[in-house]
Amino acid sequence: MSNVISEANWKFHWRLTESAGIMIYLADFKGRRVLWEASLPYVTVDHQRESLEPTSDPGERHGTWWLPLGGRTIQGPVRVQSFRGGVELSATFASGPYHYTQLWRFHDDGRLCPWLTIYGPGVHPQHTYHPHFRFDFDLDGARDDAFERFEEGRWQRVEREGWFPYTGEADKDGTVWRQVDFGSGAAINIRPHSWDDAEMFAIRYHDGEWAPYSPRSGAGNQSFPAAYIGDEELDGEDVSLWYVAHVHFDQSFPYTAGPWIKVEGLR
Amino acid sequence: MRADPTLFDPLTAGEIADALRTLTEDKRVHGMAKVGRYRVLCVEPLVVKPPHWMAGHRLARVVVYDYAADRTVDACVDLDAGVVAHLDFSRAQPVLSREEEDLATSIAIVDDNVRSKLALGDIPQATLHYWGRTASELAYGRRSAAVLFGRGDGAPSLVAVVDLLDQTVTQVVPAELW
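Going down the list, the sequences are from chains A and B.
The working numbering puts the first residue of the first sequence at 1, with every later residue one more than the last.
The working numbering puts the first residue of the second sequence at 1, with every later residue one more than the last.
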């Protein structure tokens, strides 16, 4: 199977990674570069204990674990399927009581859906999944980017690296964050799933500063991507974004996490 | 931006061997290579963007865990030039290699404490990379794995935490109490 797909106004490449699921790279929409690289570096899981007695609530006693989504956990091949108005990639990963389907959906109107469907019972019901999606959008080139968030009823420019959780505020289309290219005025609009309890990390791009094959940067330290955040300026620079969802298991699973993304303003 | 998509292609067996040979001959990791207590965790293509001077080069990212020094070695090998272009040492905990997963499973399965708590038909279901929440757990600062036991496709019944440095089981917890 070719790893280049040209369909639905998109042209993109893909490959299966060792630990970050299906990676998409060099993605163009209507002949214009949108994405340098995007992947799903980690899906971590932690556990909680429930007690009806607040005084005896043990809280979270244990730490986090994760299994890499890659060659060692994939079940069957990566699937490429056309659907009305687009094309999608999907792959199923499993290990023990954890089951995932990673999806990349490309729509002919510029929408892009990087999603993760979560199945499986886990070790016990009181657990939470934390899928970490990483995007390196290069809209019409790597530089001259700006990152904005919708806050206090309007779009506000973010000047420095940071952490930007979804607070419930969004523009009329539901968009919460966007990456804008100064040169073309085009934008990548990002709308979280309302049940994702999502947060966004906006970080200045550095080569190799991604998927260190573990979310843990060291004992007692912040985990990635928080550990990447410094005080660097974003305005006019190359920006990478991490979308992190927090999904508590419940009986209505499976659940599909991940944002809606739309490319707009490309002329 | 012009970019060569072939630079993202998976490394060939020869390129992987080339990257590892180049790394282990680098003087900065001489001690690691000599002692030989390290695990190669990942060798994958790395592509840097223009205007970086290495843009357009065929690069390999090699991540190694050095058990002798209890540290991670993160290297970028320039396969075109045959040199280690970047080398970083840290206390980060990279993903377990497949061999470490197998080792953790084999340690847990023969541990007396684990065996005494297994029910009939329980088998290892999965081995996960684990790190503790607080410093009171050994797994907080030491490379560790969690091995889940249970029946076939059924729910896990037991969690065993394995310290990969000492190759011992440090916790055995019924799954419902995890």
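All C-beta atoms, glycine included, are put in the ideal place defined by N, C-alpha and C.
Provide the residue(s) that pair with N189(A) in DSSP beta bridges, ordered along the chain.
In DSSP, N189(A) forms a bridge with R178(A) and K262(A).
From L116(A) to S116(B), what does the alpha carbon distance come to, in whole angstroms?
In a straight line, the C-alpha of L116(A) is about 38 Å away from that of S116(B).
Bridge partners of G162(A), per DSSP?
Bridge partners of G162(A): A202(A).
Give every residue of the same chain whose Cβ lies closer than 8 Å to the Cβ of D196(A), excluding the five residues on either side of it in the sequence, and list them in chain order.
Within the same chain, Cβ atoms closer than 8 Å to the Cβ of D196(A) are found at Y166, A245, H246, V247, A257, G258 and P259, the five residues on either side in sequence being excluded.
Compare the C-beta of A27(A) against all C-beta atoms of chain B and say whether one is closer than 8 Å.
Against chain B, the CB of A27(A) has no partner CB under 8 Å away; the residue lies outside that interface.
Name the residues in the stretch 216 to 227 of chain A whose C-beta lies less than 7 Å from a C-beta of chain B; which are they?
Only those residues of the stretch 216 to 227 of chain A whose C-beta falls short of 7 Å from the nearest C-beta of chain B are listed: R216, S217, G218 and A219.
Determine the contact status of L103(B) and L165(B), defining contact as a CB-CB distance below 8 Å.
No, they are not a contact pair.
Which same chain residues end up closer than 7 Å to P254(A) when comparing Cβ atoms and leaving out the 5 residues on each side of it in sequence?
Result list for P254(A): T117, I118 and Y119, in chain order.
Go to E233(A), then tell me how far its alpha helix (DSSP H) extends in each direction, as first and last residue.
Here E233(A) belongs to no alpha helix (DSSP H), and DSSP marks it neither H nor E.
Does the distance from the CB of V147(B) to the CB of A160(B) come in under 8 Å?
In this structure, A160(B) lies closer than 8 Å to V147(B) by Cβ.
Using the Cβ count rule (16 or more neighbours within 10 Å means buried), how would you classify N189(A)?
A residue is called buried once 16 or more other Cβ atoms fall within 10 Å of its Cβ, and N189(A) is buried on that count.
Just to confirm, are A219(A) and G36(B) a CB contact at a threshold of 8 Å?
A distance of 8 Å or more separates the beta carbons of A219(A) and G36(B).
Along chain B, in chain order, which residues have C-beta atoms closer than 7 Å to that of D207(A)?
For a Cβ distance threshold of 7 Å, residue set V48, K49 and H52 of chain B lies close to D207(A), ordered along the chain.
Beta carbons nearer than 7 Å to chain B: which residues of the stretch 9 to 23 of chain A have them?
If you check each beta-carbon in the stretch 9 to 23 of chain A against every beta-carbon of chain B, the ones closer than 7 Å belong to H13, R15, T17, E18 and S19.
Which two residues bound the contiguous beta strand (DSSP E) that contains K11(A)?
If you look at K11(A), you'll find it in the beta strand (DSSP E) that goes W10 to L16.
Same chain only: Cβ atoms within 6 Å of F137(A), ignoring 5 sequence neighbours per side:
Closer than 6 Å at the Cβ level, and outside the excluded window around F137(A), lie L35, Q179 and I188.
Should T6(B) go down as buried or exposed, given a rule of 16 or more other Cβ atoms within 10 Å for buried?
Exposed, by the Cβ-count rule.
State the Cα-Cα distance for the pair R49(A) and R61(A), rounded to the nearest angstrom.
In a straight line, the C-alpha of R49(A) is about 8 Å away from that of R61(A).
Out of G208(A), A27(A), H132(A) and T17(A), point me to the one whose CA is closest to R2(B)'s CA.
Comparing Cα positions, the closest option is A27(A).
Against chain A, does V180(B) count as a neighbour if the rule is that its beta carbon must be under 8 Å from one of theirs?
Because chain B here runs from 1 to 178, residue 180(B) falls outside it and cannot be looked at.
Own chain, CB closer than 7 Å to S39(A), minus 5 neighbours either side, in chain order
When the five nearest sequence neighbours on each side are left out, the beta carbons in the same chain lying within less than 7 Å of the beta carbon of S39(A) are those of T17, A20, G21, M23, R134 and A211, in order along the chain.
Go ahead and label P192(A) buried or exposed: buried means 16 or more other beta carbons lie within 10 angstroms of its beta carbon, across all protein chains shown.
P192(A) comes out buried.
Minimum Cβ-Cβ distance from H124(A) to chain B less than 8 Å:
H124(A) counts as touching chain B.
Which residue spans inside the stretch 111 to 141 of chain A form an unbroken alpha helix (DSSP H) run of at least 4?
Counting only runs of 4 or more, we get nothing.
Residue-chain proximity (E100(B), chain A), Cβ-Cβ < 8 Å:
It does not: the Cβ of E100(B) has no partner Cβ on chain A nearer than 8 Å.
For P77(A), go through chain B and note every residue whose CB falls closer than 8 Å to its CB, in chain order.
Those within 8 Å of P77(A) in chain B number zero; the least Cβ separation is about 15 Å.
Between which two residues does the beta strand (DSSP E) carrying M23(A) extend?
Following the DSSP letters along the chain, one finds M23(A) inside the beta strand (DSSP E) bounded by residues I22 to F29.
For H124(A), count neighbouring Cβ atoms within 10 angstroms of its own Cβ and tell me buried if that reaches 16, exposed if not.
So H124(A) ends up on the buried side.
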